[in-house]
Every structure is written in structure tokens, then in C-alpha cells.
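Quick note on my numbering: the sequence shown kicks off at 1 and runs consecutively.
Worksheet: one structure, shown below.
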Amino acid sequence: MIIAIVGGNGTLGRHVVAELRRRGHETRSLSRSSTKHRIDLTTGEGLPAALAGCDAVVDASNATTNSSKVLVEGSRRLLAAEAEAGVRHHVGVSIVGCELVPFGYYRVKAEQERIVEGGPVPWSIVRSTQFHEFVSGLLKQAGRWRMLPLPIGKIPLQTVACADVAAAIADVVESTPARRRIEIAGPEIIDAGQWIRAWRSIAGKRALLLPVPLPRRVSRSLSAGALISHQPDYRGRIRFRQWLQDELNGRKN
């Protein structure tokens, strides 16, 4: 198949591209920074040419600023362009429990799901728990200041490696459109406090743990397990401690 990966240069997208190529598919990595398949979801620029001849699209795009404009309005433009190009399967990437967390970005992801479900292209949505890479990256940035934010209260996390998520996405792409949400979660549930302490220990960081209160409604939903999937369709195999140790060893070599 010819498969376009929107956000193919990103944290998850790179893994998706690599996994699909390993399985013998032709891939196109679409992004604003791409020299070969440059697109802009906020305007629709480049989409017709980039999608021409594609059998499927994986939308692994992300936006930390103007997220609604990129992820919601951009999804409408992307789906319209896919329909025009004759794409037969749209695979959206979302977050487990996004509709349960009263926080801006999660609400945007929930709205993006609704756009896909009501769109003109047969679809599947792969919902993932938080990535090892994402949470570790946040702590790495904070660790530069020798302080690590420690959420007050018990907040269960079920982080998963992007490589495991990419394998699940590839399975979904190779199947017929499911027209439902498919979940992948990490292999273990760990309290956020334990997770952060483990990261500090394995990474060898001397950093102060700074207790941080979360907004009450957000804290309540996270403490209740909004970001957890007890019966996922896929369960990742790479545990956080193993992943982090491999990352650190890779940097040393």
C-alpha cells in the first residue's frame, strides 16, 4: 500500500514510518517541514498533491499551540482532501480517556475524534495511553532547572513506548476500517509519583521534587483513572524502566 503519515517527522510519526516500511509499504511523510511532501493543515496547502494515489492515511499530527486550528479544523481539511483523492482508510491517533479530562488539549482531541467519525472517509481511531517518550521529555526539560513537578495526589499512569504504538497502528492500517476506537496501553500501571522518582533515579538526575497542585476537576478525573485502559485491544511490551535504560545506553554508545 501507499500510506501517507501526517506528522511523519514527529515523535510517534517516525516510528510509524519505520514500522510500515519494515512491513514493505511505501510511505509518504507529510509535514510542514518536509521538503518532499510539505503540507499545512491550517490552510490545506499541499494536501492534494501529497495524497494523490494514497491508499491510507495515518494522522499522527500534533500541535501544542493553536491545537484547535491544527487538529480540528485541520482534520476537516485533511478528510476532505482524502475523499477527493480516493483514500480508502483514515487512521486517526488519539488519547485514551481524552473525553474525560476537563483540560483544553484533551477536549480538542475528543473533538477531533468526532470530526473523524462524522467524516467522508472510512476510519479507525487508535487511542493510546501517554507515551514513555512524552512524559520523559517533559521531565527532562524540567530537570534542567533541577526541579521535577510532582502532582499532588495519586495519579495512575500507564505509559507505552511509541514503538509499540506504531506496531498497533500498522496492524490497524493493514486491516479494513474498523469504524471504532481501538486502544493500546502500556504493560504496567504506575503512580505518577513512583514514575517520576524512578525516572530521576535511572536518569541519575539530582533534582528536587516540587509538589504541584492540579486544578480540582482535572485532578479528580486523573485520580479516577481517566488515562488508564484496563482492557485495551493492544498492550505494549516495553516497560518504562527498560525503555529508559535502553535510551540512556543508546546515548552513551
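Here a beta-carbon is modelled for each residue, glycine too, at the ideal position from N, C-alpha and C.
Computed from a predicted structure; not experimentally measured.
Please list, in chain order, all residues of the same chain as residue i whose beta carbon is under 6 Å from its beta carbon, the five residues on each side excluded.
i: Ser-75; result: Gln-112, Ile-115
i: Leu-214; result: Pro-151
i: Glu-133; result: Thr-11, Cys-162
i: Phe-103; result: Val-218
i: His-32; result: Reading off the sequence, residue 32 comes out as Arg, not His. If we look at Arg-32 and ignore the five residues flanking it on each side, its Cβ neighbours are Asp-40.
i: Trp-195; result: Leu-157
i: Gly-46; result: Arg-38, Ile-39
Just reading off the beta strand (DSSP E) that residue i is part of, what are its end residues?
i: Thr-27; result: 26 to 30
i: Glu-183; result: 181 to 185
i: His-90; result: 89 to 95
i: Ser-124; result: 123 to 128
i: Leu-138; result: Taken as a continuous stretch (DSSP letters only), Leu-138 belongs to no beta strand (DSSP E), being part of the alpha helix (DSSP H) at 132 to 143.
i: Leu-209; result: 208 to 212
i: Pro-149; result: 147 to 151
i: Ala-56; result: 56 to 59
i: Val-6; result: 2 to 6
Only counting the same chain, and skipping five residues up and downstream in sequence, which positions put a Cβ closer than 7 Å to that of residue i?
i: Asn-62; result: Gly-7, Gly-10
i: Val-70; result: Leu-41, Thr-42, Ser-61, Ala-63
i: Leu-139; result: Leu-148, Ile-196, Trp-199
On the CB-based measure, 16 or more other CB atoms within 10 Å of its CB, does residue i come out buried or exposed?
i: Ala-50; result: buried
i: Pro-286; result: Residue 286 is absent from the model: the chain starts at 1 and stops at 253.
i: Glu-289; result: Any question about residue 289 goes unanswered here, given that the chain covers just 1 to 253.
i: Asp-246; result: exposed
i: Leu-248; result: exposed
i: Ser-29; result: buried
i: Gly-53; result: exposed
Could you tell me whether the Cβ atoms of residue i and residue j are closer together than 8 Å?
i: Ser-229; j: Ala-185; result: yes
i: Pro-187; j: Arg-237; result: yes
i: Arg-235; j: Ile-182; result: no
i: Glu-19; j: Ala-161; result: no
i: Thr-27; j: Ile-3; result: yes
i: Leu-244; j: Met-147; result: no
i: Pro-177; j: Trp-123; result: yes
i: Val-16; j: His-89; result: no
i: Pro-120; j: Leu-79; result: yes
i: Leu-222; j: Val-96; result: no
i: Ile-169; j: Val-93; result: yes
i: Ile-202; j: Arg-239; result: no
Provide the residue span of the alpha helix (DSSP H) that contains residue i, from first to last.
i: Val-218; result: 216 to 223
i: Asp-171; result: 162 to 174
i: Ala-203; result: 192 to 203
i: Ser-75; result: 74 to 85
i: Ile-228; result: First-last for Ile-228: undefined, no H or E at that position.
Quick one: residues in its chain with C-beta nearer than 8 Å to the C-beta of residue i, no 5 flanking neighbours on either side, listed in chain order?
i: Asp-55; result: Met-1, Ile-2, Ile-3, Val-87, Arg-88, His-89
i: Asp-191; result: Lys-154, Ile-155, Pro-156, Leu-157
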